[in-house]
Every structure is written in structure tokens, then in C-alpha cells.
Amino acid sequence: MLYNRFVKPKLKKMKKTAFAMLFMASTLFACDNNSNDVNPDDVPAAVKETLLSSFPDAADIDWEQKGDNYEADFDVNKVDYSALFNASGGLIKHKQDIPESELPDAVRAAINTDYAAYRLDDIERLEEGQTMLYQVELDNNTKDEKLVYSADGQQVQQAYWD
0 MLYNRFVKPK LKKMKKTAFA MLFMASTLFA CDNNSNDVNP DDVPAAVKET
50 LLSSFPDAAD IDWEQKGDNY EADFDVNKVD YSALFNASGG LIKHKQDIPE
100 SELPDAVRAA INTDYAAYRL DDIERLEEGQ TMLYQVELDN NTKDEKLVYS
150 ADGQQVQQAY WD
């Protein structure tokens, strides 16, 4: 008698709540996919040609569409690269992971001065036209920073390219 009166309604309510939560979670996961992955067959031929002529050793190429542009993530000799192209095949910019030893001394000095409590986590060399920049990701226990520097150690306001 107690079961039918108290326990059974609670179990029914718990099942409904669990179902609703599961539905909401699946909806969130479905909406979270912002990557806009593109099938390689759907990438314009001019874009693929520019990638392969600019980076002939590119391997493991993944494509994403970013607005009207195409971004390729790939490896060259086990080093991570990304390149952004316009739909006509023009190379807009590219970046590659680099070791700390390739970071210019001026950039390293600026980081040591302004972010002494942080640890270098990720370093990338970014080339856009004739401009060479360095993106760094800095970590400490409470906060992460993503910054962009010119080769002379000046922090620039250009947005960090993730």
C-alpha cells in the first residue's frame, strides 16, 4: 500500500526528470558542434592546389569552413600546422607549432617580465603576408592567457587564432 501511494509516484517523477535531462544533454551536444567540418571533395580545387603547392609534405589534412574561407589543419613532418585560404585559393595566413627554442629572445624576455608566474604551454609561429607573429598560450594555476607578440617582443592586439 505504501509503495503504490508514495514510492511509485516518486519513481515515475524521477523517470520523467531523467528523461528530460537526457534529452537536454543530447540537444546541447548536437548544438555544440561548431566546427563546420568539410568533406575534402567539397573544398574548391584551387584551395587544395594552393595547400599542396605551399605545403607539399602536408599529411592528415582536415578541412573546416570558416565563413567564406577554408581552414586546413594538417601535419608536416609530425609538426601541427593550420592554414586559412579564401575560396579562390589565396593563402591568407598560416601557423605552425614551434619549440620554445625557436621563440625570439625578445618575446621570451617580454613574457618573463610580464607573465613571470605563468608557464609556456603552446607556442606557434603565425605568418600573415609579410608579417611574422608568435602566439603563446600561458598557463598558471588560476588563469590561462592567449597572447600574440611581434618578433621584437611587443604584444599586439591581433586576435589569437585558435
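Under numbering that gives the first Met the number 0, the residues of the sequence shown are numbered 0 to 161, in order. Even for Gly, the Cβ is constructed at its ideal location relative to N, Cα and C.
### Task
State yes or no: is the C-beta of Glu-123 within less than 8 Å of the C-beta of Lys-94?
yes
### Query
Based on the DSSP output, what are the partners of Ala-71 in its beta bridges?
Trp-62 and Ala-82
### Task
Report the option in Ala-105, Ala-108, Ala-116 and Phe-54 whose CA atom is closest to the CA atom of Asn-76.
Phe-54
### Message
Is Tyr-159 close to the ligand GDP? I mean its beta-carbon at under 7 Å from any heavy atom of the ligand.
### Response
Summarising the ligand content, the structure contains no ligands, and the ligand GDP is consequently not present.
#### Entry: Rounded straight-line distance, which links the Cα of Gly-66 to that of Leu-146
24 Å
### Task
Leaving aside the five residues before and after Asn-68 along the sequence, list all residues of the same chain whose C-beta is less than 8 Å from its C-beta, in chain order.
So the qualifying residues of the chain are Leu-83, Phe-84, Asn-85, Ala-86 and Ile-91.
### Query
Going by DSSP, what residues sit across from Ile-122 in a beta bridge?
Val-135
### Query
Is it the case that the Cβ atoms of Leu-137 and Arg-118 are separated by a distance below 8 Å?
yes
### Query
If you check the beta carbons only, do Ala-71 and Ile-60 fall under 8 Å apart?
yes
### Query
What residue does the alpha helix (DSSP H) around Glu-48 start on, and which one ends it?
44 to 53
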